[in-house]
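Student: Residue numbers (our numbering), protein chains in the order written: chain A, 3 to 284; chain B, 3 to 284; chain C, 141 to 722; chain D, 141 to 722. A virtual CB, placed ideally from N, CA and C, is assigned to each residue, including glycine. Mind looking over this structure? Questions follow.
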Amino acid sequence: MKKTDFDIEGMETAWCPGCGDHAILSALKASLDNLGLTPGKLVMVSGIGQAAKIPQYFNTNYFNGLHGRALPAAVAIKASNPELTVVAESGDGDMYGEGGNHFIHTIRRNPDITNIVHNNMVYGLTKGQASPTSRRGFVTPVQVSGVMSEPFNPLAVAISLDVSFVARAFIGDQQRTSEIIEAAIKHRGYALVDIFQPCPSFNKQNTYKWFRENTYYLEDSFDSSERLAALGKAFQTDRLPLGIFYRNEKPTFTDNLRIKTPGYRKIVDFKRLNGLISSLAS
Amino acid sequence: MKKTDFDIEGMETAWCPGCGDHAILSALKASLDNLGLTPGKLVMVSGIGQAAKIPQYFNTNYFNGLHGRALPAAVAIKASNPELTVVAESGDGDMYGEGGNHFIHTIRRNPDITNIVHNNMVYGLTKGQASPTSRRGFVTPVQVSGVMSEPFNPLAVAISLDVSFVARAFIGDQQRTSEIIEAAIKHRGYALVDIFQPCPSFNKQNTYKWFRENTYYLEDSFDSSERLAALGKAFQTDRLPLGIFYRNEKPTFTDNLRIKTPGYRKIVDFKRLNGLISSLAS
Amino acid sequence: MTFSLPKKGPDISIVICGEAGQGIQTLESLLTRTAKLSGYHVFSTKEYMSRVRGGSNSTSIRISPERVYAAVDRIDLLIPLTAASAERIKDRITADTLIIGERKFVSEALSRSSGEFIDIPFTETAKKLGRSIYSNQVVLGLVASLLALDINILKAKLRAEFEDKGSEIVDINIKAAHAGYSLYEGLIKDDKVISEIKKAGEATGDVPEEVKGEIVISGAEAVGLGAIAGGCDFIAAYPMSPSTGVLTFLAKHAEEFGIVAEQCEDEIAGINMAIGAWYAGGRALASTSGGGFALMEEGVSLAAMIESPVVVHIAQRPGPATGLPTRTEQGDLELALYSGHGEFPRIILAPGSAAEAFYLTQKAFNLADRYQCPVFILTDQYLMDTVTNTTPFDTGGLEVERHIVKTEEGYKRYALTDSGLSPRGIPGNGRGLVMVDSDEHDEDGRITEDLSVRTTMVDKRLRRLTLIKEDIVEPTLIGDKDAKTVLVGWGSTLGVVREALTSINSEDILFVHIAQPYPLHQKVLELVEGAGRFLVIEGNATGQLARLIKLETGREADGKILKYNGLQFTVEEVEERIGEVL
Amino acid sequence: MTFSLPKKGPDISIVICGEAGQGIQTLESLLTRTAKLSGYHVFSTKEYMSRVRGGSNSTSIRISPERVYAAVDRIDLLIPLTAASAERIKDRITADTLIIGERKFVSEALSRSSGEFIDIPFTETAKKLGRSIYSNQVVLGLVASLLALDINILKAKLRAEFEDKGSEIVDINIKAAHAGYSLYEGLIKDDKVISEIKKAGEATGDVPEEVKGEIVISGAEAVGLGAIAGGCDFIAAYPMSPSTGVLTFLAKHAEEFGIVAEQCEDEIAGINMAIGAWYAGGRALASTSGGGFALMEEGVSLAAMIESPVVVHIAQRPGPATGLPTRTEQGDLELALYSGHGEFPRIILAPGSAAEAFYLTQKAFNLADRYQCPVFILTDQYLMDTVTNTTPFDTGGLEVERHIVKTEEGYKRYALTDSGLSPRGIPGNGRGLVMVDSDEHDEDGRITEDLSVRTTMVDKRLRRLTLIKEDIVEPTLIGDKDAKTVLVGWGSTLGVVREALTSINSEDILFVHIAQPYPLHQKVLELVEGAGRFLVIEGNATGQLARLIKLETGREADGKILKYNGLQFTVEEVEERIGEVL
Ligand SMILES: Cc1ncc(C[n+]2csc(CCOP(=O)(O)OP(=O)(O)O)c2C)c(N)n1
Ligand SMILES: Cc1ncc(C[n+]2csc(CCOP(=O)(O)OP(=O)(O)O)c2C)c(N)n1
Ligand code: SF4
Ligand code: SF4
Ligand SMILES: [Mg+2]
Ligand SMILES: [Mg+2]
């Protein structure tokens, strides 16, 4: 593996052997490196979970916040300092379960951040309960008769909210995953990358093999500007498409706010404030 | 107006004159009456807001809970006593803003409840801030330069989650609204009815007139079993379709749980419990 | 017989009551500002129902030659705009009350219980000018005339208010006010009523220039201005009464001052955004009320763990749950004090006036930055909605203290220090990396399971409390320092107790007003410990400050003056209640 | 020289350490259960990292002829399964420690600091039988042989454990255990080690039938069983260590007992579902840890306002924020005590053992139903994960008390009564309607802005505290009631203090264990007030119970024994720390 500025010498992860998270780490580092990003100008924001530990393995700025709450922090970090590249990354439970409300409303705001979700269809860190994306019938110590709820379809929900960018990857293919992440980071606006990630410890159903057999890449001819077509693809569950489903350039949160200066360089305009105070005298 | 069992003699509402909420109250009473439901077997569940005051004007059981939290309570009420008819009703801010996470996950569970949302595209009770469904450019005391976020599209999100039933109504047409509500309550499973409701006090943009001019009923030929077609309709924003967009019968939360007895009639099987305790001795 | 106003005291207490949507707020705003510009001290407070139209609301306005700090029970002049609203406050009507208004709003019983009822056809008068909605301006004109307010100032105010509705509307409004003026002249002519109220300084013959130069401001505006002065550049809030005024104030001035005013999807997003903003170098405010704050507690704990500054404004209202959304209470002191899981230092401020609201909010941002901990500002509906004149806030001595460092290579966000404070870096500012983690972490900010590091970090975080305790806002003492009875209060009761004590005029009571309930200033503890009798006054049902003081001093209050019906104490009430517990 | 075990005390303390995923838990479970069935008392506790594979975890198991209540520091026998995990606990290894294991896991330094190191090729032995993963069973066999456990019981346990993997696997596992047995026989033959541990009753010559009939249970299982016995028919939870065990236990038995076990989208849904379920006549439990509970506080306030029963289990772990997710702490007492905005009564229980966890959880549901208020059960990671043998829970006297009424026409949910309790109806049960409202409401349950009703309702809600105070769980007193020193603790420290005091054998100390921290029992207050010296022991950094006692008695603790590194106190530590503060 190529060395990058984001590597930490001698770093060991807390992930299980064979976990897809390792490859996501490599893929992301490769993407960042390819894009010429530097550790000092990047902030990784995450929640809590196995996936959410990823910033700990990066030589970069990070904000490892609360379970489910990466997105609001990421939105504010970007707004307070638009010069930073912000990647919000967590697990499927974190982003779509506990963090579901932030997920839908962050898409609406369209901040210029990249949102990477390690979708292993299970709660890893808490030892194997169903996640919102777990498929029907998946048996766990809590879902003893198998999952009965409709699986959460993050891509479909994102597209239904007219998301700016949405893609799905499978970390079994590190190269393509890295390319998709690159495209997402390059994209101006909110970009979601849902990455299928096998969890050999707790998800014995959706394994590398399963994903390999049940996914395929969107055809080159696929037009990612077509919302309904994108949805059609997102709805497909017999075989799950991979690639960039939908792109839709539009003004970002910071564009709308017209913010440019990082917060810590702002100076309070006391003169103007005095004027405002005085105006209350009349 | 026909009298119903749900009326309260001499009741006065706290709503503004001309508010669409008055007509929703009447429409809902008519629907319940037509369906032959009785006050004792109905529970109205709501959150907080102008819309959420609706149970107060009913002669029935109600659970007027927290802002944004009607759905979890409603799900549990139905699960704890499947004999009750449960209607969860609140405003757009309540259901799609504060309550957004419950909205998406309740749809996934498919409890047999009816979810009515008074969609006035504004926060009424707190005096006129944007709601998730406020349209771009809507100016408020908080959104001083107008709303910039993508409006939340509840129908599209619901359909993307393969909701069991979803409809939109406009309370300018009380009769049809009542019919739609009836269909929703009759439907086995989670049924969403998003009702366009003018708020003359704070939404001067989306008025009765505006809604009348910008809505139309889905054609009789429209096939509500077609998910993508339903989405196509949900995406339409130039003219907003009304009617039942999508229906999809599937097992409900209580079906899955196989619950029948109301909680308060359950008897703890102490014999079995003793057996379980003893089993820990071996 | 001529009814002469006021019967008691040098000031006149005017109550206007009606329903939501009748424009009472505009009336109040125009009246207080015109009165102040005419040389009166003003004080106004409102109570209203949680609805948008209808119901019964009232605004109590005091117009006074002397500075006024609080609301009184007494009504000198009542102007009812609906019958129901007049009925609702009937207990406050006495023989000293003059009611001016339309017959249909004043029942027989009501007028009988008053000193005098003068039937004035406000609506009719307005209708003659065009539409009944101008009747408020007729009222305004009448009152202005009664108080001898400057008609030109009133006209200017009306012009400013209605400007954007076109000159025609402006003219009619002014005409309506003129009509009101004439109505009062008619009353004078008929020997019906005479007002003897003086302007500030009038007794001494001075021109009340000082008052005229003062600002008229609500608590919500004062918090908003304080935030701007504190360098606030981000407000993350979800609308919630009675805190919304701060959000709208900052939203209104967001562009001017480079503030991001973001309405969040929920309060959880609010606090997490606020913390994210601080991390990236901003100075963010989360603003809410008790119920919304309850949702933020995990976030408070996050701020504590990552040693992030954060300022949270909690505008209190009566709970539990939704409670009384538009009313006042001081019920969330303990909620803030023990908020968030785990153990960590915090600071709680509780301004007692608009001026304190301004200066303490400003200070809150510096304290948060200095001590890298959550700072809570506890206000309440009463303070938020109360409007008074006050000396213009002096921004001269104020500074936006940024306690941040430009990082070097190898920067450690949680470097161990004697004080427990580690220099705070900002990503992108310097060559270091800024790593923060909600898990237990080492000096670098990386997750750890080293249990001795755990202990070290807990101690480090808690150690800052020592520093915080050296930097506490002093209590305000009113009365004789050696008085036998020490009465302690906090937050919004400052003004009302101040006035009540002036009336009681007892040399035996020292009022200790606490603007920083946590940590408590040593002086408070000493005064309580040394007191002959120790009393507390609080707007809640269980005496939360009393408990906190007991925790610090071991001393139980000898008497508690509590109120929890949703309204602030009035001056008369405090006088009476003090009498009861003395 | 022969190493004889144990060096101290009648019991043997075995520590098995390794990494996550090595099956230490199965080993622990098989060993403790076999030991108990063979006539030993057992106690085991674990500490582990927040990860799924790798890292360093350890399980401390005591096997004893007498009842054991807590973990000790002392290690009589260490069996390391990785080098790193052995290194991590090196401070606990002394000359009294025997290490049995593979050379590669035991550094020179480590073996030198121990009393003896015996190199046993567990993995090699297992490999010979097929695969290295059977090595745990070799360990098990060796230990079983050392403790003279009944080989047939062990075989039966292994069979039950591996049954569903097929008879072949069962056989190999049994063979591996046999191999372990032989290994120990070899050690005996070589005069390497000899165990002198006795079984329960062996000294007296009795057969330890009583122990054999006891149950072996974890705190999590005890809470789960208590919930079932309390009539719990709904658990609404979001997974969160260390509370998840209760959710999985109830999920496992959901169908048998007609329980809805719902994994919620978040904790807010959890508490609101729980309240909804109670409203509809269910008996719901919300279960979480501190951070999740912080999110539930608005919901707690809702329960208070609508006077809904609700039971919330909080399994504590070190905070703030994510803190140390898999460790223990008693840091959330004040969080629970002051949770939720507004003022209202509540009940807090804190079991000190598996038995208390069972009986108090059962009681929690009845208390919630009786007093219509939130009842919190505070446990912690230590209690959840601790496994002991205990007398089978006696369900004989237990009752599911349903305090509900069949409603009549005109039923008022909030009918005013002297006690403050209004008969609770259920929708659909009777002819009345059940209306509950998070706003302030009248007796019917309809929203009100009548401010005198407000006061009445606040008083009504708070009045129930008087009743609650008459019905408090008595403290457990250990020691001489007239002892000069009163040591007070709560929750999970019960066992460890009990044992430490037995060792100290001081007549001067009375231990007061509180299983209901709020409201505090009068007896606790009296004992504290009358104490010569008043000490507290708590697993947190600031002494939260001490503060609560100060609040009630005005008395400051003379000494605090605190610990907050994420681990429970050990017996030796308590002995020592008591010595320090005495
Ligand atoms: C408020 C809160 N609730 C619950 C938890 C416990 N928790 C930690 S990680 C996790 C789920 C992890 O699942 P996912 O996000 O899918 O990540 P994975 O471990 O699968 O990568 C949960 C429930 C928590 N830390 N905080
Ligand atoms: C936790 C919490 N946050 C905020 C509020 C304040 N609040 C009450 S109603 C409301 C919004 C109402 O909007 P909507 O749900 O659209 O109902 P409408 O009044 O428009 O019918 C808000 C923000 C609250 N009661 N609780
Ligand atoms: S539990 Fe699953 S997701 Fe977590 S590290 Fe292990 S394999 Fe990966
Ligand atoms: S504010 Fe709007 S939604 Fe509320 S009652 Fe008035 S008109 Fe209706
Ligand atoms: Mg996951
Ligand atoms: Mg609305």
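1) Could you name the residues that DSSP lists as bridge partners for C:Q656?
2) Can you find a heavy atom of ligand 4 that lies under 8 Å from the Cβ of C:P532?
3) Within this structure, are the beta carbons of C:R105 and B:A16 separated by less than 9 Å?
4) Taking Cβ-Cβ distances below 8 Å as the criterion, which residues of the segment 148-182 of chain A are in contact with chain B?
5) Below 8 Å on the Cβ atoms is my contact criterion, and I expect D:E496 with D:A655 to pass it. Report the Cβ-Cβ distance as a whole number of Å.
6) Which residue marks the beginning of the alpha helix (DSSP H) containing D:V637, and which one marks its end?
7) On the DSSP letters alone, give me the boundaries of the alpha helix (DSSP H) that D:K329 sits inside.
8) What do you get for C:Q403, buried or exposed, if any count of 16 or more other CB atoms within 10 angstroms of its CB means buried?
9) Name the chain C residues that come within less than 7 Å of B:P19, Cβ to Cβ?
10) Could you check whether the Cβ of B:A53 sits closer than 8 Å to any heavy atom belonging to ligand 6?
11) Tell me whether B:C21 counts as near ligand 6, meaning its Cβ is closer than 8 Å to at least one heavy atom of that ligand.
12) Comparing alpha-carbon positions, which option in C:G359, C:E405, C:A319 and C:R423 lies nearest C:G370?
13) Helix, strand or coil for C:N506 per DSSP?
14) Can you tell me which of D:K503, D:V440, D:R601 and D:G631 puts its alpha carbon nearest to the alpha carbon of D:A490?
15) So what does DSSP say about C:T528, is it helix, strand or coil?
16) Confirm, please, whether the CB-CB distance from C:S429 to C:P460 is below 9 Å.
17) Closer than 8 Å: is that where the CB of A:N155 sits relative to any heavy atom of ligand 5?
18) When you measure from the CB of B:T15 to every non-hydrogen atom of ligand 2, does any distance come out below 8 Å?
19) Could you check the C-alpha separation between D:S322 and D:D331 for me, to the nearest Å?
20) By DSSP, does C:Y551 sit in helix, in strand, or in coil?
21) Within the continuous beta strand (DSSP E) that includes D:G194, where are the two ends?
22) Kindly list, in the order they appear in chain A, the residues whose Cβ is closer than 8 Å to that of B:G102.
23) From which residue to which residue does the beta strand (DSSP E) around B:W212 run?
24) Would you report the Cα separation of D:F374 and D:L425, rounded to the nearest angstrom?
25) Counting C-beta neighbours from all protein chains within 10 Å, is the total for D:N569 16 or more, i.e. buried, or is it exposed?
26) Across which residues does DSSP place D:R673 in a beta bridge pair?
27) Closer than 8 Å is the cut-off here; do at least three beta carbon pairs connect the segment 109-129 of chain B with the segment 205-221 of chain B?
28) Give the range of the beta strand (DSSP E) segment to which C:D520 is assigned.
29) Verify the CB distance criterion: does B:L230 have a CB-CB separation below 9 Å to chain A?
30) Is A:M46 helix, strand or coil by DSSP?
31) Checking contacts by CB at 9 Å: is A:Y2 closer than that to chain D?
32) Is there a Cβ of chain A sitting closer than 9 Å to that of C:D213, yes or no?
33) So, for C:R603: in the same chain, excluding its five sequence neighbours on each side, which residues have a beta-carbon less than 7 Å away from its beta-carbon?
Tutor: Looking at the atomic coordinates:
1) None; C:Q656 has no bridge partner.
2) Answer for C:P532: no, Cβ out of range of ligand 4.
3) The displayed coordinates of chain C run from 141 to 722. Any statement about residue 105 of chain C would go beyond what the structure contains.
4) The residues in question are M150, S151, E152, P153, F154, N155, A158, V159, I161, S162, L163 and D164.
5) Confirmed, Cβ separation roughly 6 Å.
6) L634 to I644 is the extent of the alpha helix (DSSP H) around D:V637.
7) Counted as a single uninterrupted DSSP element, the alpha helix (DSSP H) harbouring D:K329 occupies residues S307 to K329.
8) By the neighbour-count rule (16 or more Cβ atoms within 10 Å), C:Q403 is buried.
9) The contacting residues are R193.
10) Yes, ligand 6 has a heavy atom inside 8 Å of this Cβ.
11) No heavy atom of ligand 6 is found nearer than 8 Å to the CB of B:C21.
12) With distances taken between Cα atoms, C:G370 lies closest to C:R423.
13) The answer is helix: DSSP assigns C:N506 an H, G or I state.
14) For the options D:K503, D:V440, D:R601 and D:G631, the alpha carbon positioned closest to that of D:A490 is the one of D:G631.
15) C:T528: strand per DSSP, three-state reduction.
16) Not a contact, by the Cβ cut-off of 9 Å.
17) Checking every heavy atom of ligand 5 against the Cβ of A:N155, none is found closer than 8 Å.
18) At a cut-off of 8 Å, the beta-carbon of B:T15 does not count as near ligand 2: no heavy atom of the ligand is closer than that.
19) One Cα belongs to D:S322, the other to D:D331, and the distance between them is close to 14 Å.
20) DSSP, read as helix, strand or coil, puts C:Y551 in coil.
21) Counting along the chain, the unbroken beta strand (DSSP E) around D:G194 starts and ends at G194 to S204.
22) By Cβ distance, chain A contributes G102, N103, I106 and H107.
23) Looking at the DSSP string, B:W212 is not in any beta strand (DSSP E); the run it does join, the alpha helix (DSSP H), is Y210 to N216.
24) Using only the alpha carbons, I get a separation of about 6 Å.
25) Counting other Cβ atoms within 10 Å of its Cβ, D:N569 reaches 16 or more and is therefore classed as buried.
26) D:T625, per the DSSP bridge assignment.
27) With a cut-off of 8 Å, the segment 205-221 of chain B and the segment 109-129 of chain B count as touching, because enough Cβ pairs lie within range.
28) In the DSSP assignment, C:D520 falls within the beta strand (DSSP E) that extends over P514 to D520.
29) Interface residue, yes.
30) Correct three-state label for A:M46: strand.
31) With chain A covering 3 to 284 only, the question about residue 2 of chain A has no answer from this structure.
32) C:D213 does not count as touching chain A.
33) Result list for C:R603: S559 and G560, in chain order.
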